[in-house]
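Colleague: In the UniProt record's numbering, the protein residues as written are 1 to 138.
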Amino acid sequence: MEPLSWNIYRYRLPFTRPMRMLGRNLTFREGLVLQILDTQQKCGEGEIAPLEGVHQENLEDAERTLLSILEGKEVLSPEFPSIRFGLEMAWNVYLANIHHQKLIPKNFSALPVNALMTSDVENIDEFAQHQRQSGFKA
1 MEPLSWNIYR
11 YRLPFTRPMR
21 MLGRNLTFRE
31 GLVLQILDTQ
41 QKCGEGEIAP
51 LEGVHQENLE
61 DAERTLLSIL
71 EGKEVLSPEF
81 PSIRFGLEMA
91 WNVYLANIHH
101 QKLIPKNFSA
111 LPVNALMTSD
121 VENIDEFAQH
131 QRQSGFKA
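(1) Just verifying my parser: in three-state terms, what is the DSSP assignment at residue 82?
(2) Less than 6 Å between C-beta atoms, sequence neighbours within five positions excluded: which residues of the same chain meet that for residue 55?
(3) Between the Cα of residue 26 and those of 32, 16, 33, spot the shortest distance and give me the residue it belongs to.
(4) Would you tell me roughly how many angstroms separate the C-alpha atoms of residue 69 and residue 126, rounded to the nearest one?
(5) Under 8 Å, do residue 59 and residue 31 count as touching if we go by C-beta distance?
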């Protein structure tokens, strides 16, 4: 296997409107994109984006721990699921690229998308009805 290098990119994307989640109004989403790269410029990317109130780690902890793992100073701990997800995603995409395969097979059938319920409790019935009328089944 070829030697690998890596890049970490930080992003912050504003929402078009606030999203209510876990008692908070979120106005943006932020995270990290990990890119692993070989000498032939084949790469894989993975996203690390812990959600406040869901994950124990915040973005700064995740970035610091990720760097420590990539530098071989620390091993991946089960207490950081967002980091594990990003590392596994980057590695699986990289493996698919070097083997000229797709992660999703050609004969993959469509997967239904569910609506994300983000309304205030007072408006949830109206919001759910609107989503059903828009074609969402769940």
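Glycine included, C-beta positions come from ideal geometry on N, C-alpha and C.
Modeller: Taking the structure as given:
(1) helix
(2) 82
(3) 16
(4) 46 Å
(5) yes
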